[in-house]
Amino acid sequence: MSTRSEFLKRLESWGTQLAKAILELEEPIMEIPARTLSNTIWDEKAKMLKLGPEKLHRRFLDMKEARKFMQTVLMLRLIVEAIREDVYPTIRDLYYNGKHTIVFKDPLGRTHRENTWDEQSESNAVIEDIEVATNVLREEMGVSADVKGKIVGPIVVRSQGYELDASKFGETALSLPVNVDALEIVKVEASYVLVVEKDAIFQRLVREKFWSQEGAILVTAKGMPDRATRRFIRRLNEEYKLPVYVLTDGDPYGWYIYSVYKSGSIKLSYESERLATPDAKFLGLTATDIDTYKISDNYVIAANDRDIKRAQELLRYPWFQKPEWTREINLFLKKKKKVEIEALSTHGLKFLHDYLRDKIRSKKFID
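In short: position in the sequence shown from 1, add 10, done, that's my numbering.
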């Protein structure tokens, strides 16, 4: 595993190339892989989204690109300084540290003011540009963001010399760090990984010791997953060959969350090979489950216009083209009904356990 100092050299090398061009009185130009929808491709063989070959050239002497060029150099300097000083800033820290107003006068003596960036979305985008340009991820830079991931189950990890047993946290859970690649996995005695969309359901399964009964590792990212959680799940599947099952609400939003775990996301397609888990299976809930498991109408929710629009979008994605998925999504569009995980309590609070076991044992999942 490369060290932070090695990643620093890669970042410094990129900056040196820009400085060299200026010293040689040449225009500095940044070549950055385009993080656009048009440059995001579906790799059918790998079963994941990937970044295409298109590159953009950010030119210092192009008036349309000059501000973005300045932002990129500024962010590169902030990150390099942080690594040199051995500090670990958050993306919010970098936003505030670089946010200031540049005051200058034009040839006619008029004063102008230009903010380095106005919103954090601008500084975040620049960090992502630096990632793809240098092939150094922000986790490797030591730049942190909110991590929502929690795990419980028969797994022991080592972090900064301390061993942490995720089966001995009682009713709480082990929180994942920003850079899960720095976690050494000491021991795993699990039969599978169950990814739970909702934190409340995760907590319930922890308290009811479902993980102990099943010998499973439970994971949640409290909704849309962050990078660290996705990466850790990928490691468990790739390094330990553990089956990964995903449980979400029975609606287009939940199904999309599953696809992010499995195939990656358009925004982070450049990281799919680290983050996506193509082997992940979808347990439920599905549109079919409403009838199959006789879920009471009292627990069924009418789909709204936003749900319907999202479902129609899913049908256009290549990773939802399998017959099982098109059947489920079309059934949803026909019935215009959705269900939450909690709807399984129509058969009693313990039925969730039966549902999960039935789906896994009988292989009633969608690949």
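All C-beta atoms in this analysis are idealised placements derived from N, C-alpha and C, irrespective of residue type, glycine included.
Close-in-space but distant-in-sequence residues of the same chain around residue i (CB under 6 Å, 5 per side omitted)
i: valine 157; result: Leu186, Val188, Asp236 and Ala238
i: leucine 354; result: Phe361, Leu362 and Tyr365
i: leucine 28; result: Pro38
i: isoleucine 112; result: Glu124
i: lysine 197; result: Val166
i: glycine 92; result: According to the sequence shown, residue 92 is alanine rather than glycine. If we look at alanine 92 and ignore the five residues flanking it on each side, its Cβ neighbours are Pro99.
i: valine 256; result: Val205, Tyr268, Tyr271, Ala290 and Phe292
i: arginine 367; result: none
i: alanine 155; result: Ile101
Inter-residue spacing [alpha-carbon to alpha-carbon] between residue i and residue j
i: alanine 321; j: isoleucine 39; result: 42 Å
i: glutamine 130; j: tyrosine 266; result: 25 Å
i: leucine 343; j: isoleucine 318; result: 6 Å
i: valine 166; j: aspartate 307; result: 43 Å
i: lysine 348; j: arginine 284; result: 32 Å
i: alanine 231; j: valine 205; result: 8 Å
i: glutamate 194; j: tyrosine 202; result: 19 Å
i: tyrosine 327; j: aspartate 299; result: 23 Å
i: tyrosine 271; j: serine 48; result: 22 Å
i: valine 190; j: leucine 84; result: 27 Å
i: arginine 102; j: leucine 278; result: 19 Å
i: glutamate 150; j: arginine 14; result: 6 Å
i: serine 269; j: aspartate 315; result: 21 Å
i: proline 333; j: isoleucine 376; result: 10 Å
i: leucine 147; j: valine 90; result: 13 Å
i: isoleucine 137; j: aspartate 301; result: 47 Å
i: glutamate 224; j: leucine 18; result: 44 Å
i: arginine 254; j: tyrosine 105; result: Per the sequence shown, residue 254 should be read as valine rather than arginine. Their Cα atoms are separated by approximately 36 Å.
i: serine 400; j: leucine 293; result: No answer is possible for residue 400: it lies beyond the span of the chain, which begins at 11 and ends at 377.
i: glutamate 352; j: isoleucine 211; result: 8 Å
i: lysine 219; j: lysine 74; result: 57 Å
i: phenylalanine 242; j: valine 216; result: 19 Å
i: lysine 304; j: alanine 200; result: 31 Å
i: proline 117; j: glycine 233; result: 53 Å
i: phenylalanine 70; j: leucine 35; result: 12 Å
i: tryptophan 24; j: aspartate 128; result: 26 Å
i: tryptophan 335; j: tyrosine 250; result: 28 Å
Residue environment, residue i, which counts as buried when at least 16 other CB atoms sit within 10 Å
i: threonine 144; result: buried
i: proline 262; result: buried
i: glutamine 81; result: buried
i: arginine 240; result: buried
i: isoleucine 172; result: One detail in the question is off: residue 172 reads as tyrosine in this sequence, not isoleucine. Per the 10 Å Cβ criterion, exposed.
i: leucine 324; result: buried
i: arginine 244; result: buried
i: valine 97; result: exposed
i: leucine 33; result: exposed
i: glutamate 338; result: buried
DSSP bridge partner residues for residue i (one or two, in chain order)
i: isoleucine 165; result: Val198
i: glutamate 173; result: Arg168
i: valine 256; result: Val205 and Phe292
i: leucine 66; result: Ile42
i: asparagine 125; result: Thr111
i: serine 9; result: Shown here, the chain extends from 11 to 377; a query on residue 9 therefore has no answer.
i: methionine 58; result: Asp53
Cut-off 8 Å between Cβ atoms - residues of its own chain near residue i, not counting five sequence neighbours on either side
i: arginine 77; result: Glu124
i: leucine 184; result: Lys160, Ile161, Val162, Val167, Leu174 and Ala176
i: leucine 5; result: Residue 5 cannot be examined here, being either before or after the span of the chain that is shown, 11 to 377.
i: threonine 126; result: Met80, Gln81, Leu84, Gly108, Lys109, His110, Thr111 and Ile112
i: leucine 252; result: Val198, Ala200, Ser201, Tyr202, Val203, Ile227 and Leu246
Cβ neighbours of residue i in the same chain (closer than 7 Å, five flanking residues each side left out)
i: alanine 44; result: Glu64, Lys65 and Leu66
i: isoleucine 42; result: Lys65, Leu66, Arg68, Asp139, Val142 and Ala143
i: asparagine 340; result: none
i: lysine 55; result: none
Best match in the options for proximity to residue i [C-alpha to C-alpha]
i: threonine 182; options: Val190, Gln213 and Leu174; result: Gln213
i: glycine 152; options: Glu207, Leu118 and Glu95; result: Glu95
i: histidine 357; options: Tyr309, Lys345 and Arg316; result: Tyr309
i: serine 169; options: Ala312, Phe179 and Ala192; result: Ala192
i: lysine 57; options: Pro164, Lys369, Pro288 and Gln331; result: Pro288
i: glycine 378; options: Pro117, Trp221 and Glu207; result: The displayed coordinates of the chain run from 11 to 377. Any statement about residue 378 would go beyond what the structure contains.
i: aspartate 259; options: Glu350, Glu338 and Phe17; result: Glu350
i: leucine 61; options: Thr46, Lys74, Leu71 and Phe70; result: Thr46
i: leucine 21; options: Ala31, Asp72 and Leu88; result: Leu88
i: alanine 313; options: Lys345, Leu295 and Lys219; result: Lys345
i: alanine 290; options: Ala297, Lys304 and Glu248; result: Glu248
i: glycine 264; options: Lys251, Lys208 and Val216; result: Lys208
i: proline 164; options: Leu35, Leu86, Ser133 and Val229; result: Val229
i: leucine 86; options: Asn134, Asp116, Leu359 and Asp128; result: Asn134
i: isoleucine 227; options: Arg120, Leu246 and Phe70; result: Leu246
i: isoleucine 370; options: Lys115, Trp24, Leu295 and Trp335; result: Leu295
Distance cut-off 7 Å: residue i Cβ against heavy atoms of the ligand GDP
i: glutamate 149; result: Among the components modelled here there is no ligand, and therefore nothing to report on the ligand GDP.
is_contact[residue i, chain B] using C-beta, thresh 8 Å
i: lysine 197; result: The structure shown has no chain B; it contains just one protein chain.
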